[in-house]
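Student: Residue 56 is where the sequence shown starts when you use my numbering, and the numbers rise one by one after that.
By construction, the Cβ of each residue, glycine as well, lies at the ideal position given by its N, Cα and C atoms.
Just so you know, these numbers come straight off a predicted model, no measurement behind them.
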Amino acid sequence: MEKEVVIKAENVIKKFGERTILNGISLEVYRGDTFVIMGGSGCGKSTFLRHITGALKPDSGKIYLLGKDLTRVSDDEMDALKKKIGMCFQSAALFDSMTVGENVSLPLREHTKLERGVIDIVVKMKLELVGLRGFEDLMPSQLSGGMRKRVGLARAIAMDPEIVFYDEPTAGLDPIVAGVIDKLILDLSKKLSITSIVVTHDMKSVFSIADRVAMLYEGKVLEVGTSDEIKRSNNPSVQQFISGSPDGPIRFFQQKDDYLEHLIR
Ligand SMILES: Nc1ncnc2c1ncn2[C@@H]1O[C@H](COP(=O)(O)OP(=O)(O)OP(=O)(O)O)[C@@H](O)[C@H]1O
Ligand SMILES: [Mg+2]
56 MEKEVVIKAE
66 NVIKKFGERT
76 ILNGISLEVY
86 RGDTFVIMGG
96 SGCGKSTFLR
106 HITGALKPDS
116 GKIYLLGKDL
126 TRVSDDEMDA
136 LKKKIGMCFQ
146 SAALFDSMTV
156 GENVSLPLRE
166 HTKLERGVID
176 IVVKMKLELV
186 GLRGFEDLMP
196 SQLSGGMRKR
206 VGLARAIAMD
216 PEIVFYDEPT
226 AGLDPIVAGV
236 IDKLILDLSK
246 KLSITSIVVT
256 HDMKSVFSIA
266 DRVAMLYEGK
276 VLEVGTSDEI
286 KRSNNPSVQQ
296 FISGSPDGPI
306 RFFQQKDDYL
316 EHLIR
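1. Nearest-angstrom Cα distance between Val178 and Leu247?
2. Are there three or more Cβ pairs, one per stretch, closer than 8 Å when the stretch 217–227 is compared with the stretch 254–270?
3. Using the three-state DSSP reduction, which class does Gly280 fall into: helix, strand or coil?
4. Thinking C-beta only, is Ile174 closer than 8 Å to Ser160?
5. Between the Cα of Glu206 and the Cα atoms of Arg171, Ile231 and Pro162, which residue gives the shortest distance?
6. With a threshold of 8 Å on Cβ separation, who are the neighbours of Ala213 within its own chain once the five nearest residues in sequence on each side are excluded?
7. Sorted by chain position, which residues of the same chain lie with C-beta nearer than 6 Å to Thr389's C-beta, five sequence neighbours on each side aside?
8. Please go through the stretch 172–226 and give each complete beta strand (DSSP E) segment of 3 or more residues, from N-terminal end onward.
9. Does ligand 1 have even one heavy atom less than 7 Å from the beta-carbon of His256?
10. For Lys204, verify whether its CB is less than 7 Å away from any heavy atom of ligand 2.
11. Cβ-heavy atom distance between Phe71 and ligand 1 below 7 Å?
12. Grab me the residues of Ser63's own chain with a C-beta within less than 7 Å of its C-beta, minus the 5 sequence neighbours each way, in chain order.
13. Have a look at Ile357 and Thr167 and give me their C-alpha separation to the nearest angstrom.
As structure tokens, this is what we get:
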């Protein structure tokens, strides 16, 4: 059976000033998949994510999210789309002055007319799903980094989204907590039939969660394929990234001018 495409990028180009950050990105994500976007720091992963969630518009190219062309949607259509996606940000991005429960309920309070009692039940359910049963009344400052990420995750799934975007969900976490988060992402995808887009450069994560992987380099998709295809790739840049070797075709910049110059192309 042909898989349904829920995200499609066609030749997406984005410049910031003279610098080309996305240089013709094309890819497709299938419903129900966990799709990982990997690549070195500064290669444009977060920027690309902001394009497919509609936060940024490309200079040229097309992006389709759940069948809608993001370069042409009306504000109303965009609002409707936003209710169908959830975001987990690079930092957990919790509001420190709100309790855990208030953080998780925020999208429900903003986007629905559900009554307080119903919202409380939904919040309980979502916290239960991320393994934080009964944590509603704590403040974010009372939690560890991994717990904060899980609260961010509970908030991302508050509205029962079709697609959840994760930007570096395991960054800064110890390997065990990172493994817990990875397992949670997989569990939520399977239990709730969510399509997950995960940006990461944690190689262990990549191969434990990905159905398909795209590696970005210099604003382009260097390679895209299943986990196994990427592991077996004979592209030396892909192999260098997987092994984390300082020697290989991927360049590292030690001089600011070299770096800035290479971005102007
Ligand atoms: N709003 C902006 N204005 C100007 N330049 C920007 C803007 N946003 C991002 N950039 C630049 O675009 C490049 C890519 O940034 P981006 O945050 O997408 O990288 P990344 O792959 O997510 O990196 P990391 O792995 O470190 O999070 C960087 O050089 C960054 O400075
Ligand atoms: Mg980033």
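Tutor: Reading from the atomic positions:
1. By one-based count along the sequence shown, residue 178 stands at place 123. By one-based count along the sequence shown, residue 247 stands at place 192. For Val178 and Leu247, the distance between alpha carbons rounds to 16 Å.
2. yes
3. One-based indexing of the sequence shown puts residue 280 at position 225. Shown here, Gly280 sits in a strand according to DSSP, grouped into three states.
4. Position 105 of the sequence shown, counting from 1, holds the residue named residue 160. Position 119 of the sequence shown, counting from 1, holds the residue named residue 174. Their beta carbons are under 8 Å apart, which means Ser160 touches Ile174 by this criterion.
5. Counting from one through the sequence shown, the residue named residue 206 turns up at place 151. Per the sequence presented here, residue 206 reads as Val, with Glu not at that position. Val206 has its Cα closest to that of Pro162, out of Arg171, Ile231 and Pro162.
6. To locate residue 213, count along the sequence shown from 1; it is residue 158. Contacts found: Gly141, Val159, Ser160, Leu161, Pro162, Leu163, Val177, Val178 and Lys181.
7. Since the first and last residues shown for the chain are 56 and 320, residue 389 lies out of range.
8. 218–222
9. Translated into the one-based positions of the sequence shown, residue 256 becomes position 201. Yes, Cβ of His256 sits closer than 7 Å to a heavy atom of ligand 1.
10. As a position in the sequence shown, residue 204 is number 149, starting the count at 1. Relative to ligand 2, even the nearest heavy atom lies 7 Å or more away from the CB of Lys204.
11. For this step, residue 71 is matched to residue 16 along the sequence shown. Phe71: yes, Cβ under 7 Å from ligand 1.
12. Counting from one through the sequence shown, the residue named residue 63 turns up at place 8. Strictly speaking, residue 63 in this sequence is Lys, with Ser absent from that position. Leaving aside the five residues that flank Lys63 on each side, the residues in its chain whose CB is nearer than 7 Å to its CB run, in chain order, Glu83 and Tyr119.
13. The shown model of the chain, from 56 to 320, leaves out residue 357, and the question about it has no answer.
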